[in-house]
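Take 27 as the starting number for the sequence shown in our numbering and just add one per residue.
Using N, Cα and C, we set each Cβ at its ideal position, and we do this for glycine too.
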Amino acid sequence: MGNRLIQLLCFCFLLLPFVSPAQSTDERLFEELKKKVQLDSYYDSALVYKSGGEAIRLAQKMGDKGKEAEIHIFYGNYFYYSQNFKKAEEEFNKAYYLAYNGNNTKVLRLARIRLTYLEETEGKTEEAEQHFQSILEEAKQEKDPANEIECYNALALISERNNKSDEAMKNYLNGLRTAEENKLDYYTAVLLNNIGLLKLNSDKTQEALADFERGLEITNRINNPRLGGHIQNNIGLVYLRLNKTDEGLSHFKAAVQYAHAINHPKELAVAFINYSSVLLQVKRSDESIAYLDSAIQVLESNNMKFELSKALLGKAQVMIELKNYNEAIHLASEAREVALVSKNLEDRAFSHRVLYRVYEKMNLFELALKEYKTYRDLDDSLKETRSNRMFNELQVEYDVEKKEYQLEQEKNKSLLLESENQLKKVRIRILIFASVAILILLFIVFYIRNQRNIRKEQERFSQQLIANLEKERSRIARD
């Protein structure tokens with residue numbers, strides 16, 4: 027009886043700790059393959075289909091259409107990065123129907139987000155914005171933080187293209203809060219990078235650098251080289267603003283090497299433009315032109331007008347340094363027209379500034395004054411969209427909410443610690459109670475056993491006494 031009680035108590039103690047369910051081997055393997063597909067989707071079509079094929083076969087073996095849909099999302103991402111929007115749409119639609127048939131609402135929502143990005147590339151900006159807003163509300167209701175962040179980021183990008191910097195900052199910070207609260211490191215790094223760029227364009231250089239460095243630290247920890255390359259490139263821009271040419275040059279050189287490795291048009295062009303700007307500063311004009319020509323060729327062949335104006339203006343500035351003023355006027359004028367089509371107010375304003383510089387050097391002061399006035403009007407309009415006061419208010423609001431969240435986390439941590447301490451106390455009490463119970467039980471067992479032995483001894487003694495009395499009586503009778 028005592029042994030059975032001890033075994034029962036030990037079994038109860040084993041049930042007390044929380045036990046995490048073990049992830050199956052197939053689940054772990056799929057997650058590893060998915061991460062590889064994601065990295066391959068940045069630059070290598072052969073590898074993305076090789077690793078993707080393995081992941082799809084595993085998902086089919088597991089009977090999980092949602093997982094299969096995730097891989098098609100990465101296929102679509104690859105074609106989207108490569109500006110092959112028709113193939114991207116095919117893959118996103120496959121993902122949509124697989125997720126729908128597999129009843130995976132989160133992947134279904136992500137497929138809808140990707141298809142909405144394609145709507146925007148077709149010029150349907152208002153419809154895309156409405157769809158992102160609708161999916162955002164849905165993601166909030168369904169407690170789907172990853173897709174909530176995707177929508178905040180998409181809405182912020184639209185606001186940036188429409189020169190609504192305050193609205194963009196608001197959406198980025200909302201996304202950052204959600205990412206940090208849910209410990210989604212990749213999204214946290216992406217949003218810090220985007221916020222840093224917005225601050226850099228608003229001349230908040232040191233704040234931008236702090237965001238980039240924080241994002242880079244996270245990126246290195248999660249080992250995402252593509253995002254790390256972007257942030258390195260942007261840190262180079264900061265050093266350029268701070269006139270730290272050597273530091274900027276090293277960052278941009280690394281970014282160019284990375285861009286060559288992944289071989290995507292936009293990645294290459296942006297890296298070339300930024301690297302050329304540093305080369306111009308260190309008086310390496312011929313090299314600067316070579317990189318700008320490469321950027322222009324890539325951008326023109328892929329119809330990337332938003333970035334094309336930057337490359338044209340970069341080359342115009344090199345021509346000013348080389349005193350080739352007619353070519354500088356031609357390039358700046360072309361950049362102005364491209365920026366007008368792409369609604370790039372920043373480059374449109376800068377094109378007039380470049381023209382002002384050219385005309386001033388040519389002693390055409392009347393034309394220079396006209397271009398300068400146009401530049402100032404556009405620049406003032408641009409500054410209105412970048413209200414530092416609003417930026418500061420949004421940043422303060424984010425900082426306050428972040429502090430409140432951290433305090434809440436500390437409070438929850440204290441409560442959890444207190445709860446764990448209470449649980450330990452309960453376990454100790456149970457252990458003491460069980461030990462006392464076992465001791466009492468053992469005492470009872472030994473007491474009963476002892477009483478039985480005493481009774482047996484008494485019975486044996488009584489029987490012996492009776493036997494002796496009988497013998498004595500018999501002896502007396504014989505005498």
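Provide the residue span of the alpha helix (DSSP H) that contains residue i, from first to last.
i      : result
Leu226 : 211-227
Gly89  : Where Gly89 is concerned, there is no enclosing alpha helix (DSSP H), given that its DSSP letter is neither H nor E.
Ala308 : Checking the displayed sequence, the identity of residue 308 turns out to be Val instead of Ala. First-last for Val308: undefined, no H or E at that position.
Gly255 : 251-267
Lys341 : 331-347
Met195 : 191-207
Lys112 : 111-127
Gly241 : 231-248
Inspect the beta-carbon positions of residue i and residue j and report whether they are closer than 9 Å.
i      : j      : result
Ala285 : Gly262 : no
Leu325 : Asp373 : no
Ala154 : Ala180 : yes
Gly509 : Ala215 : Residue 509 lies beyond the residue range present for the chain, which begins at 27 and ends at 505; the question has no answer from this structure.
Gly79  : Asp66  : no
Ser191 : Asn227 : yes
Tyr106 : Arg140 : yes
Leu144 : Phe118 : yes
Ala205 : Leu224 : no
Lys132 : Asn103 : no
Lys336 : Asn189 : no
Ser108 : Pro291 : yes
Cutting at 7 Å between CB atoms, please list the residues of its own chain near residue i, excluding the five before and the five after it.
i      : result
Tyr398 : Tyr382
Leu134 : Tyr122, Ala125, Tyr126
Phe39  : Low per-residue confidence applies at Phe39: pLDDT is 36, beneath 50, and the placement is therefore not dependable, though the value from the model is reported in the following sentence. Excluding positions up to five away in sequence, the list is empty.
Leu59  : Ser77, Glu80, Ala81, Leu84
Gln64  : Phe100
Under a Cβ-count criterion, where at least 16 other Cβ atoms within 10 Å of its own Cβ denotes burial, should residue i be classed as buried or exposed?
i      : result
Leu217 : buried
Ile244 : buried
Gly201 : buried
Gln49  : Note that Gln49 has pLDDT 48, beneath the 50 cutoff, so the model's placement of it is unreliable and no number is given.
Val422 : The predicted model places Val422 with a pLDDT of 48, which falls under 50 and marks its position as unreliable, so this point remains unresolved.
Asn295 : Reading off the sequence, residue 295 comes out as Ala, not Asn. It counts as buried.
Phe56  : buried
Gly149 : exposed
Ser461 : exposed
Val308 : exposed
Pro47  : Reliability of the predicted coordinates at Pro47 is poor, the pLDDT of 43 falling under 50, and the value obtained from them is presented with this limitation in mind. Flag for Pro47 reads exposed.
Arg362 : buried
For residue i, which residues of its own chain have a beta-carbon under 8 Å away from its beta-carbon, when the five flanking residues on both sides are left out?
i      : result
Glu430 : With a pLDDT of only 45 at Glu430, under 50, the local geometry of the prediction cannot be trusted, and no value is derived from it.
Phe269 : In the sequence on display, residue 269 carries Asn and not Phe. Taken in chain order, the list of residues that qualify is empty.
Leu433 : Low per-residue confidence applies at Leu433: pLDDT is 46, beneath 50, and the placement is therefore not dependable, though the value from the model is reported in the following sentence. If we look at Leu433 and ignore the five residues flanking it on each side, it has no Cβ neighbours.
Gln86  : Glu94
Ser488 : none
Can you find the residues in the same chain that come closer than 6 Å, C-beta to C-beta, to residue i, ignoring five residues on each side of it along the sequence?
i      : result
Tyr301 : Phe278, Val282, Tyr317
Gly274 : Gly262, Tyr265, Leu266, Val304
Leu334 : Leu325, Val364
With a threshold of 8 Å (Cβ to nearest heavy atom), would residue i be considered close to the ligand ATP?
i      : result
Asp319 : Ligands in the displayed structure: none, and consequently the ligand ATP is not present.
Would you mind listing the alpha helix (DSSP H) stretches within the segment 354-387 that are 4+ residues and don't spill past its ends, in chain order?
With a minimum length of 4 residues, the continuous alpha helix (DSSP H) runs that stay inside the segment 354-387 are 371-387.
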